[in-house]
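For the record, the sequence lines run as chains A and B. Okay, so the first sequence: first residue is 562 according to this note's numbering, each after it adds one. Okay, so the second sequence: first residue is 407 according to this note's numbering, each after it adds one. The C-beta atom is built at its ideal place from N, Cα and C for all residues, glycine as well. Since the structure is predicted, the reported quantities are computational estimates derived from the model, not experimental observations. Quick notes on the structure that follows.
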Amino acid sequence: MSSIARYVRSHLQLISPLAFVGLWAAVAAAQIFPSQVFVPPSDVLSALREVHDSGELRLHLASSAQHLVTGFASGAALGLAFGVLLAVIPALRSYLWPMFNAVRQVPSIAFIPILILLIGINDLLKIIVVGKATFFPVALATFDAVKGIPRGYLEVARIYQLPPATVLTRIMVPATIPPVMTGLRLGLGKAWGVLVAAELFASEAGLGQMMESGRQLFRIDVVMVGVILIGLIGFTLDRGFSTLQRRFVRWQ
Amino acid sequence: MAAMTKASHWLRPFYVPVLLVLAWDVLSRVNDSFRYAFVPVREISTGLQEILISGQLFENLLASLQTTCVGLAIGTVLGLLVGSIMGVSRIADDIISPLFNAWRPVPTLGFVPLIALWFGSGDLSKLVIVVLAAFEPVVLNTYEGLRASDDKYREVGDVFRLNRRQLFFSVQLPSAVPMIVTGVLHALGFAWIATIGCELLFTVGPGLGGLMEHAQMAGRMDIIILCVVSIGLAGLAMNTAVEWLARRLLRWRHA
């Protein structure tokens, strides 16, 4: 193998995305498709600069972030509480579990039309939908985690007559953190996806709304800026959470 | 006495839903604007009769199921192809992985505005979105399944002097089947959500999402609720059917 071929082979993971953008630019430059429909990468960059300089982007980002954080935090808190309660009190389970499973079957976005009629199109709508998307995976993971605490741990605690507070902080919490973190990570991904969908569907602000108005104005460059940004945010959220997760597991 | 305890045990799952329905009914009686949002339970059953008799429910349900199944089928085939290529060839893996990983974190419905501009807001766009939704988990699981099988079984293949094609079809692929089946099950869930999401966003053409969106604009809460229930039940039914099919297909593993 020549040295060039070897170099290409060992750097394929870097060359491939660059080649993709190059191909994109080449096809756009060749004008095979109308340039309004197949926009060149340079247009996407200038559209990014445009929405950034006009301050529009910051407003949309702030709106999305605010709804994501509020919805995720409330959904996660409720999910944690619900999961623990159901795991600890078996009687409660027989009352609530079937209902929980039934509601879980329905995609979060399907609740949007109901909510629009009940509360209208507003911030609360997005927070509830994001909260719903977060609640179920977190509740499920928490329930499984608490149920999955090895019996031996609790028996040892009983033999040593540890106080309940110690049992909670030294046994229950450490034993449940890894699976609960996985549930939170899953919930965060779902929350972001459903927030974008809700913003596309009914919203006055947010990245999804920016894309939707880009669609209505036939600004494919703006829409593509939106696609790239929601992907980057999705990636960052997931990567950030998995870093956090590794930290916790190592500490354990 | 024992029989009574048993009966009350059996009834437990129904207490909460019944209470919720009662609360709903009370709220519907507060005043006219409450009555508009919390439609009286009686009206929901009238609404059910209405969309059952007119065939609306059935027609839209069928359209949604069709979009999901066609999208799932195409997405699965494409996903198997791409996942297999990535799983077998390191070079293809190095080329495709960066692009696949850049595309993956974008929420599927986030592609709707782009796809709508490129393919119009019709059935084709819906199908493209559903295919994208189904494609991802199949690629991922096919790839992981093939990679996991690599070391253990490859040596057996070497012993039998299998060529690359034989190795793939009679050793690697069968060992990846359980993972692939899991991927297809995930794909089904994603495809169903994507179908409903697209129908809500596009509103053109038949589908439960579209029916729901029209009902929302007409202020028909009864029909929306019936749609939500149908969406949940249909999703559950499809999942059960595919799981059953998967168990049957995988029976040879336990024999």
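Which residues in chain B have a C-beta closer than 7 Å to the C-beta of residue i? List them in chain order.
i: glycine 583/A; result: Result: empty, since nearest Cβ-Cβ is about 13 Å, beyond 7 Å.
i: glutamate 773/A; result: Pro519
i: proline 578/A; result: Pro504, Leu505, Ala508
i: valine 788/A; result: Val512, Gly516, Phe517, Leu520
For a test of the three-state rule: what should DSSP assign to residue i, helix, strand or coil?
i: phenylalanine 599/A; result: coil
i: leucine 425/B; result: helix
i: isoleucine 650/A; result: coil
i: serine 495/B; result: coil
i: valine 569/A; result: helix
i: glycine 528/B; result: coil
i: phenylalanine 779/A; result: coil
i: valine 784/A; result: helix
i: methionine 407/B; result: Summary for methionine 407/B: the model assigns pLDDT 48, below 50, so the residue's position carries little reliability; its value from the coordinates is reported in the next sentence. Methionine 407/B falls in the coil class under three-state DSSP.
i: proline 668/A; result: coil
i: glutamine 592/A; result: coil
i: asparagine 645/B; result: helix
i: valine 544/B; result: helix
i: asparagine 662/A; result: helix
i: phenylalanine 444/B; result: coil
i: leucine 793/A; result: helix
Give a yes or no on whether the minimum CB-CB distance between residue i and chain A is below 8 Å.
i: valine 648/B; result: no
i: leucine 530/B; result: no
i: proline 511/B; result: yes
i: glycine 461/B; result: no
i: glycine 493/B; result: no
i: histidine 592/B; result: no
i: glutamine 622/B; result: yes
i: leucine 515/B; result: yes
i: leucine 642/B; result: yes
i: valine 545/B; result: no
i: glycine 453/B; result: no
i: isoleucine 457/B; result: no
i: isoleucine 535/B; result: no
Here's the rule I'm using: 16 or more other beta-carbon atoms within 10 Å means buried, otherwise exposed. How should residue i be labelled?
i: methionine 742/A; result: buried
i: tyrosine 549/B; result: buried
i: valine 810/A; result: exposed
i: histidine 415/B; result: exposed
i: leucine 656/B; result: exposed
i: proline 543/B; result: buried
i: proline 724/A; result: exposed
i: asparagine 547/B; result: buried
i: asparagine 466/B; result: buried
i: leucine 805/A; result: exposed
i: glutamine 578/B; result: buried
i: proline 511/B; result: buried
i: tryptophan 705/B; result: Limits of chain B in this structure are 407 at one end and 661 at the other, which puts residue 705/B out of reach.
i: glycine 616/A; result: exposed
i: arginine 731/A; result: exposed
i: threonine 503/A; result: What the structure shows of chain A is the stretch from 562 to 813, and residue 503/A is not part of that stretch, so it cannot be assessed.
Taking 8 Å as the CB-CB cut-off, is residue i touching chain B?
i: glutamine 666/A; result: yes
i: valine 784/A; result: yes
i: leucine 604/A; result: Contrary to the premise, residue 604/A reads as aspartate rather than leucine in this sequence. It does not; no Cβ of chain B falls within 8 Å.
i: leucine 749/A; result: no
i: alanine 671/A; result: yes
i: isoleucine 781/A; result: yes
i: valine 612/A; result: no
Could you name the residues of chain A that residue i contacts, counting a contact when the two beta carbons are closer than 7 Å?
i: glycine 665/B; result: Chain B is shown only over 407 to 661; residue 665/B falls outside these bounds and no answer can be derived.
i: glycine 638/B; result: Ala663, Gln666, Val667
i: isoleucine 501/B; result: Leu573, Ser577
Mind pulling the chain A residues with CB within less than 8 Å of residue i?
i: methionine 619/B; result: First, the residue type needs correcting, since residue 619/B is glutamate and not methionine in the sequence shown. Ordered by position in chain A, the residues that pass the 8 Å Cβ test against glutamate 619/B are Pro674.
i: alanine 522/B; result: Arg776
i: isoleucine 630/B; result: Pro674, Ile675, Leu678
i: isoleucine 497/B; result: Arg570, Leu573
Against residue i, what residues of chain B qualify as contacts under a CB-to-CB distance less than 8 Å, listed in chain order?
i: valine 598/A; result: Leu523, Trp524
What does residue i reach in chain A if we use C-beta pairs closer than 9 Å?
i: isoleucine 480/B; result: Correct list: empty, because the minimum Cβ distance to chain A is about 21 Å.
i: valine 634/B; result: Val667, Ala671, Phe672, Pro674, Ile675
When you check each C-beta in the stretch 634-662 of chain A against every C-beta of chain B, which residues fall closer than 8 Å? Ser655, Tyr656, Leu657, Trp658, Pro659, Met660
Please list, in chain order, the residues of the stretch 678-699 of chain A that have any C-beta partner in chain B closer than 9 Å. Leu678, Leu679, Ile680
Tell me which residues of the stretch 418-450 of chain B have at least one Cβ-Cβ distance to chain A shorter than 7 Å, keeping chain order. Arg418, Pro419, Tyr421, Val422, Pro423, Ala443
What are the residues in the stretch 596-612 of chain B lying within 8 Å of chain A by C-beta distance? From the stretch 596-612 of chain B, only Trp598, Ile599, Ile602, Gly603, Leu606, Leu607 have a Cβ closer than 8 Å to chain A.
Pull out every residue of the stretch 750-763 of chain A whose Cβ sits closer than 7 Å to any Cβ of chain B, in chain order. When CB distances to chain B are screened at a threshold of 7 Å, the residues of the stretch 750-763 of chain A falling below it are Trp753, Gly754, Val757, Ala758, Leu761, Phe762, in chain order.
Which residues, in order along the stretch 791-810 of chain A, keep a beta-carbon less than 7 Å from a beta-carbon of chain B? Along the stretch 791-810 of chain A, the positions whose C-beta sits under 7 Å from a C-beta of chain B are Ile791, Gly792, Gly795, Phe796, Asp799, read in chain order.
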